[in-house]
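Written below as structure tokens is the structure these notes are about.
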Amino acid sequence: MLLKSASSSSVALNAASISTRQCARRSTNHSSSSIVNNTICRASSSRGFTFSPRNELLTRSRCSEAQEKNKNTVVSNSNATSSCLNLGLGYKTSSSASPHPAANNTARRLGKLFSPVVTSTKGNNINSANQLRHLASIMPCYNQLYQHEGLIMSASASMLHTSAMANGSSGSTAKTITLDNMNPHIKTMEYAVRGPLVIRATEIEKELAAGAQKPFKEVIKANIGDAHAMGQRPITFIRQVLALVSYPELIDKSDFPADVKKKASEILAGCKGGSAGSYSDSSGIEIIRKHAAEYITRRDGGIAANPDDIILCAGASEGIRATLKLFVETSSGAPGVMIPIPQYPLYSASLAEFGMHQVGYYLDEARGWALDIKELERSIKEARGQCNPRALVVINPGNPTGQVLTKQNIEEIIKFAHKEGLFILADEVYQDNVYASGSEFHSFKKVMMELGAPYNTMELASYFSTSKGYMGECGLRGGYSEVVNLDKSVKAMLLKSISAKLCPTVLGQATMDCVVDPPQKGSPSYDLFIKEKTAVLQSLAQRASKIADTFNSIPGIKCNPVQGAMYAFPQITLPQKAIDAAKAKGQAADTFYAFELLENTGICIVPGTGFGQYPGTYHFRTTILPQPEKLAVMLDKFQEFHVKFVAKYS
């Protein structure tokens, strides 16, 4: 099979730009190279094509220019396996060129996903199964290109499969759903926290396990707030309750503490048939919603919460998405939602999926990521010409920025939302994670109610999760949303919407019950519970301080104090040569930096482009979750790498 390299710098086509029908219509007497390249230009001419990581459009003129430059750059089909491999990797070579070391490594890992055999114009049969499994695993999930040491992993199964059909070598029937006719919103959504860097990090882990030699012995995945994955031990009380809820026979036979048995029995009494394997009500088990309301009332100094306003969910993310979907209505104009920049990518991904406008407002890095009301006013004024802003998202404590909002700032935000007629979504999943001296968590609901009329009648949804805090129970998927002052008919529609998902996991609900109704002083489990909870939060506070201090000691990196949450979001100053090198690869500079860091140290972070950042600045997010010993190693490696990186590109 022949393939003209899209450019000498290996710019490759995003799978979303491939037109299956256009390929299928091409005459079978054309070479596969012709099919691919005509498809590239026709697809890019109609839609432009996207290349990772910033989803910048390559214009029609650039497509034509790239094609013109590469008329004579053809991958020979004398070596069929090499040709197919080159197609999968999208880099310029010839039959005499030695394959890039990553190519052979990728080929070894590719396997069972594809069965079509691609036939070149000279009759060479090319088994694409071994070359494209990795690409196929990436593209449907992320709809973007995966970049590795200058190679841009391109296309996906559809490119080769389409070419195979055009050559008459595939017996497969035409697919009902293709990249051309599938939901376009799914193709545009991205979730950087689990993006190409994480995929590459997982590959490296497998390479190390297979005996590959690297300049490091392990991968440190500092990309995501998964406490248990980073070595944090579970809270004993939570796991004991879950054990009994999962296997009730242990209640009478085991020597678990009496309060653990009581808690498990109470949860099981709320389960149909007395089993955690039964469905619960769609909004969650009644006794757990009651306990959540009591927890909120205690937290907010006696301001009452209603169990009927509590909706248990599979992690806060499901509650957030369920609320956002309420705003997908266009009769009053395209809906928009205001979100902070930087922001947790759940919001940008969900808004893209729902076809809603993202209305970004910048946090003020120079003032510790403060939220300036003037910036909110600027943002909404500019947005009103393009969409109808209907809601305001606030993340407190901040993710990825780690700031904790003051009560005064929250009051200002509430008054702004009231003036502009906005629904407030308060993401408060890190409410237990406040470290800085003088910082204190204030819930939006508490502040709103204390302001009195007219603010205490505003619509508000707030969210909490078992994944964060001192618990770190990410995989159990426990969470709740408290939705107040919602129109009764709208609330009925919200409950109808979530009922289509039946119910959140019962074990996740049980985990939440342990969080909102923990052991009380004097109970058998109290002392151990408080000891474990305090130890986790104190250790996180120490790590938050250490990580900010270390980054601030490295020339070219500056980091605001981590007041709360689980992340640092430092700004990095990059040499112009590094920025130019990144541009040559079609990468954002901070993505380029992050890949180099991963390949040289095994440290996996998330570049700032995944969260949004002020134009002309570069950042990355790292968690503070590695255990103290590993964190010290990580920071030493980071410092050494950064110094070498700057020297290399200066």
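So for the sequence shown, UniProt numbering puts the first residue at 1; every next one is plus one. Glycine included, C-beta positions come from ideal geometry on N, C-alpha and C.
{"query": "Limits of the unbroken alpha helix (DSSP H) element including Gln538", "result": "526-552"}
{"query": "CB contact check: Met634 to chain D, cutoff 8 Å", "result": "The structure shown contains no chain D; it is built from a single protein chain."}
{"query": "Which of helix, strand or coil DSSP assigns to Val404", "result": "coil"}
{"query": "Option nearest Ala293 by Cα separation, candidates Thr173, Tyr463, Ala453", "result": "Tyr463"}
{"query": "Between the CA atoms of Met182 and Ala334 - distance to the nearest angstrom", "result": "21 Å"}
{"query": "Residue burial classification, Pro397 (beta-carbon count within 10 angstroms, cutoff 16)", "result": "buried"}
{"query": "Check whether Pro340 and Val393 have beta carbons under 8 Å apart", "result": "yes"}
{"query": "CA nearest to the CA of Phe354, picked from Ile320, Thr178, Glu365", "result": "Ile320"}
{"query": "Completely contained alpha helix (DSSP H) runs for the segment 449-511, where each covers 4 or more residues", "result": "488-499"}
{"query": "Contact belief for Thr591 with Thr609 at Cβ below 8 Å, rounded distance in angstroms", "result": "6 Å"}
{"query": "Start and end residues, beta strand (DSSP E) containing Phe611", "result": "First-last for Phe611: undefined, no H or E at that position."}
{"query": "Euclidean distance between Cα positions of Ser250 and Tyr526", "result": "A small correction: the amino acid at residue 250 is Leu; Ser does not occupy that position in the sequence shown. Their Cα atoms are separated by approximately 21 Å."}
{"query": "Segment contact flag, the segment 636-643 with the segment 356-369, C-beta cutoff 8 Å, min 3 pairs", "result": "no"}
{"query": "Residue ranges of each alpha helix (DSSP H) within the segment 196-267, 4 or longer", "result": "196-209, 236-246, 250-253"}
{"query": "Whole-angstrom distance between Asp549 and Leu574, CA atom to CA atom", "result": "20 Å"}
{"query": "Simplified DSSP state of Pro53, which is helix, strand or coil", "result": "Here the model assigns Pro53 a pLDDT of 33, short of 50, so the residue's position is not dependable, and the following value carries that caveat. In this structure, Pro53 counts as coil in the three-state DSSP scheme."}
{"query": "Separation of Glu420 from Met356, as counted between CA atoms", "result": "18 Å"}
{"query": "Classification of Pro628 by the beta-carbon crowding that lies within 10 angstroms, buried from 16 upward", "result": "exposed"}
{"query": "Supposed contact pair Ala314 and Gly508 - C-beta distance, whole angstroms, cut 8 Å", "result": "6 Å"}
{"query": "Asp308 - DSSP class collapsed to helix/strand/coil", "result": "helix"}
{"query": "C-alpha gap between Glu459 and Ala174, whole angstroms", "result": "48 Å"}
{"query": "For Ile579, the first and last residue of its enclosing alpha helix (DSSP H)", "result": "576-584"}
{"query": "Three-way DSSP call (helix, strand, coil) for Val394 in this model", "result": "strand"}
{"query": "Whether Lys445 touches Asp300 by CB criterion (8 Å)", "result": "yes"}
{"query": "contact_flag[the segment 466-482, the segment 493-511] where n(CB pairs < 8 Å) is 3 or more", "result": "yes"}
{"query": "Member of Lys644, Val483, Gln538, Glu450 whose CA lies at the smallest distance from the CA of Pro555", "result": "Lys644"}
{"query": "CB-CB length for Arg543 against Leu631, believed under 8 Å", "result": "6 Å"}
{"query": "Span of the beta strand (DSSP E) around Val337", "result": "335-341"}
{"query": "Supposed close pair Asn409, Ala565 - CB separation, criterion 8 Å", "result": "About 16 Å; that fails the 8 Å criterion."}
{"query": "Whole-angstrom distance between Ile380 and Met338, CA atom to CA atom", "result": "8 Å"}
{"query": "Nearest-angstrom Cβ-Cβ length linking Ile238 and Cys474, presumed shorter than 8 Å", "result": "13 Å between Cβ atoms; not a contact."}
{"query": "Pair within 8 Å by beta-carbon distance, Met449 and Ile414", "result": "no"}
{"query": "8 Å contact criterion, which Phe611 and Pro342 should meet: CB distance rounded", "result": "4 Å"}
{"query": "Simplified DSSP assignment, three categories, for Leu635", "result": "helix"}
{"query": "Range of the contiguous alpha helix (DSSP H) that encloses Tyr347", "result": "345-354"}
{"query": "Distance between Asp255 and Thr236 (C-alpha atoms, nearest Å)", "result": "14 Å"}
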